[in-house]
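Worksheet: the structure to be examined is printed underneath.
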Amino acid sequence: MLFHEPTRTALVGDAAFHRGESALGPAVLAADQALRTGSPTRLPHDLRAVGFAHGTGLVGADADAFLGFLRAMSGRSPGPTSSSTP
Numbered sequence: 004m005l006f007h008e009p010t011r012t013a014l015v016g017d018a019a020f021h022r023g024e025s026a027l028g029p030a031v032l033a034a035d036q037a038l039r040t041g042s043p044t045r046l047p048h049d050l051r052a053v054g055f056a057h058g059t060g061l062v063g064a065d066a067d068a069f070l071g072f073l074r075a076m077s078g079r080s081p082g083p084t085s086s087s088t089p
C-alpha cells in the first residue's frame, strides 16, 4: 500500500478489492499474511481517494464507504470522512 499525503490518496494494490463492495484481497496475494488484516486499517481516517490494482478507484462518498469498511474491520469509531473534510 502507498499513501500520498498531499492528495489524501491511498493506492492499496491487491491488499483490498472493491467489486460492488469492499473486501480484503486474497490471502495468497499478501506478502505477509500476518499483516494482511491489520495493514489496511492503519490508513488515515480522511482519505479522499482509493486506488486498486484492478478496477475503478473510489472518490467522495465511495471512498467514505471504503473507510467505513476499514473502521468495521478495526473496530475504530467513526472519524472524519472525505466529505466532511474541507
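This note's numbering numbers the first residue of the sequence shown as 4 and each following residue consecutively.
Glycine residues also receive a C-beta, built at the ideal position from the N, C-alpha and C atoms.
Residue from the options with nearest C-alpha to residue i
i: residue 16; options: 68, 74 and 26; result: 26
i: residue 21; options: 49, 33, 61 and 9; result: 61
i: residue 33; options: 57, 23, 24 and 18; result: 18
i: residue 30; options: 38, 54 and 68; result: 38
C-beta atoms of residue i and residue j nearer than 8 Å
i: residue 6; j: residue 47; result: yes
i: residue 4; j: residue 40; result: no
i: residue 66; j: residue 52; result: yes
Residue span of the beta strand (DSSP E) that contains residue i, given as start and end
i: residue 41; result: Taken as a continuous stretch (DSSP letters only), residue 41 belongs to no beta strand (DSSP E), being part of the alpha helix (DSSP H) at 41-44.
Residue(s) in a DSSP beta bridge with residue i
i: residue 21; result: 25
i: residue 14; result: 5 and 54
i: residue 62; result: 52
Whole-Å CB distance - residue i paired with residue j, under 8 Å assumed
i: residue 50; j: residue 11; result: 6 Å
i: residue 14; j: residue 54; result: 4 Å
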